[in-house]
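Engineer: Going down the list, the protein sequences come from chains S and C. Following the working numbering, the numbering of the first sequence begins with 4 at its first residue and continues without gaps. Following the working numbering, the numbering of the second sequence begins with 6 at its first residue and continues without gaps. The beta-carbon is built from N, C-alpha and C at its ideal position, and this holds for glycine as well. Please read all numbers here as calculations on a predicted model, not as lab measurements.
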Amino acid sequence: MAKALKAVGSLSAFWFILPCLLTLTFTSVYPVSFGLIVSMTNWNWGNQFDFIGFENYLGLLSDSEFWTVIGNTITFSVSATAIEIALGFYLAVQVDKLKVSTELIRAVLMMPLMVSGIVVALMSKVMFDPFLGIINHLMRVFGMGPSAFYGAANTAMPSIVAVDVWWQTAFVFVIMLAGLRGLPNDPLEAARVEGASEFMIFWKISFPMLQPLLLTVVIIRTIDTLKVFDIVFGTTGGGPGLATEVVQTFVYRTAYSYQQIGKAMATMILFSLLILLISLALQSLQRKVESS
Amino acid sequence: MLRQTGMANFQKIWAYLFTVGMILLSLFPVYWVLTVSLKSKRDSLANPPLWLFEPVTSSYLKLWNHDTFKETFFNSIIITLIGIVLSLAIALPTAYALVRLKLKGKNLVGIWLILAYMLPEFLFVLPMFSLYQWTGLYDTHLGLALMYQVHVLPLSIWLLSSFFREINPAIDEAARIEGCSHWQILTRIYIPCTLPGLVATAILNAIWIWNELAIALGLTFSNAQTVTLGVTSFRGYAALDWGAMTAASIIAIIPMLLFAVVAQKHIVKGITLGAVKG
Chain S
4 MAKALKAVGS LSAFWFILPC LLTLTFTSVY PVSFGLIVSM TNWNWGNQFD
54 FIGFENYLGL LSDSEFWTVI GNTITFSVSA TAIEIALGFY LAVQVDKLKV
104 STELIRAVLM MPLMVSGIVV ALMSKVMFDP FLGIINHLMR VFGMGPSAFY
154 GAANTAMPSI VAVDVWWQTA FVFVIMLAGL RGLPNDPLEA ARVEGASEFM
204 IFWKISFPML QPLLLTVVII RTIDTLKVFD IVFGTTGGGP GLATEVVQTF
254 VYRTAYSYQQ IGKAMATMIL FSLLILLISL ALQSLQRKVE SS
Chain C
6 MLRQTGMANF QKIWAYLFTV GMILLSLFPV YWVLTVSLKS KRDSLANPPL
56 WLFEPVTSSY LKLWNHDTFK ETFFNSIIIT LIGIVLSLAI ALPTAYALVR
106 LKLKGKNLVG IWLILAYMLP EFLFVLPMFS LYQWTGLYDT HLGLALMYQV
156 HVLPLSIWLL SSFFREINPA IDEAARIEGC SHWQILTRIY IPCTLPGLVA
206 TAILNAIWIW NELAIALGLT FSNAQTVTLG VTSFRGYAAL DWGAMTAASI
256 IAIIPMLLFA VVAQKHIVKG ITLGAVKG
């Protein structure tokens, strides 16, 4: 016991952290371990539970549907993240310039962030309805042709990206506004006295100082958009065809509609490895930026 | 010089215009869905869509008499409360130990928290189904609140740790000399000193739990269905019943919007800190 105590540090530290370790073991270590086993079986939620080695993994890697789904997920993640970062950061810069109290403005702009993904999805279905939706009506008023939005393969993915942009841009905005507000005033003032234009001050002073924070937000948004589920599940359900099928809706369908839990778990594990790789790559990029 | 001030003025005006435009874009969908929820069935199917109409409350009355939806709303309240209590009860001592106590493998715990927070929901939820059925946790409020810890616990620990770090460690030492145990230091000094931070943490957890869908979809069937699933149930016949679907959406949003108005500062603090720590 004394040895064990020495190993963790102190007795209180052990008791203080034990509930957390137990909870995380139950909610993460157990499912991932059991999931690894399941991914090597042909389990169908029932009695069929045979060990089949890496068959699920090999099957996925040679399945064009799997690669389409991975491609869709990355397309969604990259486009949504890029637009949200650009728009959210730009909005923060603009709001930072305002000479009025911005508390209420921030509260209103944050509102989409409070809405659950599935509600956002259903709201967008009402607005994007090809026949009765307000968006098509407004587009007609401005002389633009009606769009099928979720109904056609070429417009479904852009529609979902647009919905995510409406939903999550405020996240980037809130953090970058806090970053802008937290910048030290002296270098900015000095540059103004020197007669530098606001544009130059932003690019030469503010932006470099905010870069690490911006990259953090990029990492968070990238991972979050890779995990997209609610807004696809609630709108297209992955269709038309496979046009908007992303990993988590694909896994949901595989596990619950087709009862192929082994294949679903194998997908989840490959996908988790991909997320890990992407986040490690982004983090090393961030370290490079911070050290330079 | 004149040109420069003209430019500066234009930039100022543009900042206001752009902000107003973004505010309108943020508000409009919620406003529009609210109007649809207040339209009679005939008005909601009008083409072109109506801007002016006679508001009716029939959709909300229908929901009020819709026992399943009402149940999901109250389920969500219970699950959110259990989830908050669990996360704070577990995260408070953990954060204290990570910040102030001698503990080996702190880095390992840190990596574990990041992984739990970062990896996708179905990785954890799919393998839980059989264990949940076997232990009787399936389709219970407690079972769902417990599974939510995989996400809210890491966030809570990060937030609370950063609040605890602001406390001067000299205070602990003084209290130790007075004979206080670590538990007493946590409950009598740290918790009272960081109450606003605790509230911010609880609110962020509440927002996340209230809005969660994937885990609830995997681990509940009827008794513990959450409001997000209640809203989802209107998805199927959406084309026919916009009234119920939009009214359900509005009802599901209202508690969170109240939060946003009342606790904006806390939420901003939590989101910002969570991003920097996580």
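Pop quiz: residue 83/S and residue 228/S are said to be a contact at Cβ under 8 Å. What is the actual Cβ separation, rounded to whole angstroms?
Structural biologist: Confirmed, about 5 Å.
Engineer: Going by beta carbon distance, what residues of the same chain come within less than 6 Å of residue 83/C, once the five residues before and after it are set aside?
Structural biologist: 146
Engineer: So residue 203/C contacts chain S; which residues on that side make the cut at Cβ distance below 7 Å?
Structural biologist: Going along chain S, no residue has its Cβ under 7 Å from residue 203/C, so there is no contact; the nearest lies around 17 Å.
Engineer: Against chain C, which members of the segment 255–267 of chain S pass a CB distance test of less than 9 Å?
Structural biologist: 255, 258, 259, 264 and 267
Engineer: Measure the CB-CB distance between residue 247/S and residue 69/S and report whether it falls below 9 Å.
Structural biologist: no
Engineer: In whole angstroms, what is the alpha-carbon distance linking residue 79/S and residue 160/S?
Structural biologist: Approximately 7 Å between the Cα atoms of the pair.
Engineer: Once DSSP output is grouped into helix, strand and coil, what is the label at residue 238/S?
Structural biologist: coil
Engineer: What did DSSP end up calling residue 55/C once you bin it into helix, strand or coil?
Structural biologist: The DSSP-derived three-state label of residue 55/C is coil.
Engineer: Can you give, in chain order, each stretch of the alpha helix (DSSP H) that sits fully within the segment 139–199 of chain C and has at least 4 residues?
Structural biologist: Along the length of the segment 139–199 of chain C, whole alpha helix (DSSP H) runs at least 4 residues long occupy 146–170 and 174–182, reported in chain order.
Engineer: Is residue 208/S close to chain C, meaning its C-beta is less than 9 Å from at least one C-beta of that chain?
Structural biologist: no
Engineer: Quick one: list the residues of chain C neighbouring residue 293/S, beta-carbon separation under 9 Å, in chain order.
Structural biologist: By Cβ distance, chain C contributes nothing, its closest Cβ being about 13 Å from residue 293/S, past 9 Å.
Engineer: How would you write the range of the alpha helix (DSSP H) that residue 91/S sits in, first residue to last?
Structural biologist: 67–100
Engineer: Mind checking if residue 228/C is an interface residue toward chain S, Cβ cutoff 9 Å exclusive?
Structural biologist: no
Engineer: Residue 215/C touches chain A at which residues, Cβ-Cβ below 8 Å?
Structural biologist: Of the protein chains in the structure, S and C, none is chain A.
Engineer: From residue 112/C to residue 104/C, what does the alpha carbon distance come to, in whole angstroms?
Structural biologist: 12 Å
Engineer: For residue 261/C, does the count of other Cβ atoms within 10 angstroms reach 16, so buried, or fall short, so exposed?
Structural biologist: Residue 261/C is buried by the Cβ-count criterion.
Engineer: Taking Cβ to Cβ, would you say residue 28/C is nearer than 9 Å to residue 108/S?
Structural biologist: yes
Engineer: Check whether the Cβ of residue 187/C lies closer than 9 Å to any Cβ atom in chain S.
Structural biologist: It does: the Cβ of residue 187/C has a partner Cβ on chain S nearer than 9 Å.
Engineer: Given this structure, state the Cα-to-Cα distance separating residue 207/S from residue 277/C, to the nearest angstrom.
Structural biologist: 24 Å
Engineer: What residues of chain C sit near residue 26/S, judged by a beta carbon separation below 7 Å?
Structural biologist: 95, 154 and 158
Engineer: Between the Cα of residue 85/C and those of 109/C, 44/C, 150/C and 139/C, spot the shortest distance and give me the residue it belongs to.
Structural biologist: 150/C
Engineer: Taking the straight line between their C-alpha atoms, what separation do you get for residue 213/C and residue 206/C?
Structural biologist: 11 Å
Engineer: Could you check whether the Cβ of residue 271/S sits closer than 9 Å to any Cβ belonging to chain C?
Structural biologist: yes
Engineer: Taking buried to mean at least 16 other C-beta atoms within 10 Å of its own C-beta, is residue 217/C buried or exposed?
Structural biologist: buried
Engineer: Can you tell me whether DSSP reads residue 262/C as helix, strand or coil?
Structural biologist: helix
Engineer: Taking the alpha helix (DSSP H) that residue 18/S falls in, what are its first and last residues?
Structural biologist: 14–27
Engineer: Return the residue from the list 181/S, 205/S and 112/S that minimises the CA-CA distance to residue 191/S.
Structural biologist: 205/S
Engineer: Where do the N-terminal and C-terminal ends of the alpha helix (DSSP H) with residue 215/S fall, by residue?
Structural biologist: 210–229
Engineer: Counting only beta-carbon separations shorter than 9 Å, does residue 113/S have a partner in chain C?
Structural biologist: Cβ-Cβ to chain C under 9 Å: yes for residue 113/S.
Engineer: Measure the C-alpha to C-alpha separation of residue 132/S and residue 154/S and round it to an integer number of angstroms.
Structural biologist: Looking at the two C-alpha atoms, the distance is approximately 9 Å.
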